[in-house]
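What follows is one structure encoded as C-alpha cells, with my remarks underneath.
In the working numbering, the protein residues as written are 177 to 457.
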C-alpha cells in the first residue's frame, strides 16, 4: 500500500520531468519511465545522477515516514555515459540515508528480479548460473536412494519448476538450452532407466495414458515459459506493454508467438518426436 502511494506521488508534475522519455509509433512522447516497482523491489532510471539522487532522497523520506528500512547493502548502481563519442560504463555516486550505494564494477553485472544486466547485455552470467543450478540439483537427485520413476518425478516437478522463472525472463537462446541442458537431462534419464546410448527415449516422452513417463526436456519447458511470457505481453491491459509485444514480434520471438498456450507446445513436442521415430522405423 505504501509503495503504491509513493508511486502515485512521484507521478506528480514536479517529478514527470525526471527519467527517460519513450516515444510511441506516432512520435508523441509517452509518460517518463523512471521508476519500476515490483513488490518491495525498486529500480530507478534517470538521465543524470542528480535526477536519480532527487528520487532516492524522496524515496528515503517516504520510507522513514512508513517506518520501512532500505537495505542499502542489497542495492547497486549502474551507469552508462558518453565519453569521446562512445558510450562507456562508469560508477555513479548515489547515496541513501548518507550511505553510498554499492557500485557495479566495470564489466560486471547487477541483478534485478532474477535477471542479469550488464553493459554488453550478454547472457553469459545467467547461462552459467542456470547451468550450475541444473547440474547441482540433478546430481543431488541422482544420489538419492529412490526408485528411478521417483527420480524422474523429481526432475519433472521440482527441477524444471526451479528454472522456469529463469527461462521466462531471460533472452538466452533455445539453441543453447538444447545443446547444454537437454544433453545433461537425457544423460541422467538414460542412467536412471538403464538405457544404452543407442536406445530411443520416445516412449519416455509419451503421456501416462499412452504408457509413457510424461517427461519433457528443458528446451520444451523453455518454449513453454517463453510462450507464457509473450502471451502475457500480448494480452496486457497496458497499451505500452501491448506495443512492446508488437515491436518484439520479430526474429526469434516468432517461434514462440505461434503457440496459444503451453499445451500447444507440449503437443508440438510430442508430435515432433513421433514423426522422427516414424522416419527411423
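For each residue, glycine too, the CB sits at the ideal point set by N, CA and C.
Note to self: Looking only at its chain, what residues have a beta carbon closer than 6 Å to the beta carbon of residue 437, apart from the 5 residues adjacent to it on each side?
What the structure shows: Apart from the 5 residues on each side of it in sequence, residue 437 has no Cβ closer than 6 Å to any other Cβ in its chain.
Notebook entry, point to check: Are residue 384 and residue 391 touching if we call contact CB-CB under 7 Å?
Noted result: By the CB criterion at 7 Å, residue 384 and residue 391 fall outside the cutoff.
Note to self: So for residue 446, helix, strand or coil by DSSP?
What the structure shows: Helix at residue 446.
Margin query: Within 10 Å of its beta-carbon, does residue 341 have 16 or more other beta-carbons around it, so buried, or fewer, so exposed?
Written below: Label assigned to residue 341: exposed.
Next item on the list: For residue 256, write down the residues that DSSP places opposite it in a beta bridge.
Entry: Its beta-bridge partners are 265.
Notebook entry, point to check: Helix, strand or coil: which one does DSSP assign to residue 402?
Noted result: In the three-state reduction of the DSSP assignment, residue 402 falls in the helix class.
Notebook entry, point to check: Where does residue 336 fall in DSSP's three states?
Noted result: In this structure, DSSP gives residue 336 a helical state, which the three-state scheme calls helix.
Margin query: Below 8 Å, how does it come out for the stretch 287 to 296 and the stretch 350 to 362: are there three or more Cβ pairs, yes or no?
Written below: Too few Cβ pairs lie closer than 8 Å, so no.
Next item on the list: Please classify residue 423: is it buried, with 16 or more other beta-carbons within 10 angstroms of its beta-carbon, or exposed?
Entry: Taking all protein chains shown into account, residue 423 has fewer than 16 neighbouring C-beta atoms within 10 Å of its C-beta and is therefore exposed.
Notebook entry, point to check: So, using beta-carbon positions, are residue 358 and residue 324 closer together than 7 Å?
Noted result: Note that the C-beta distance between residue 358 and residue 324 is not below 7 Å.
Item checked: Residues bridged to residue 220 [DSSP beta-bridge criterion] -> Residue 220 is bridged to 211.
Next item on the list: Could you tell me which of 242, 367, 345 and 299 sits nearest to residue 314, measuring between CA atoms?
Entry: Ranking the options by Cα distance to residue 314, first place goes to 367.
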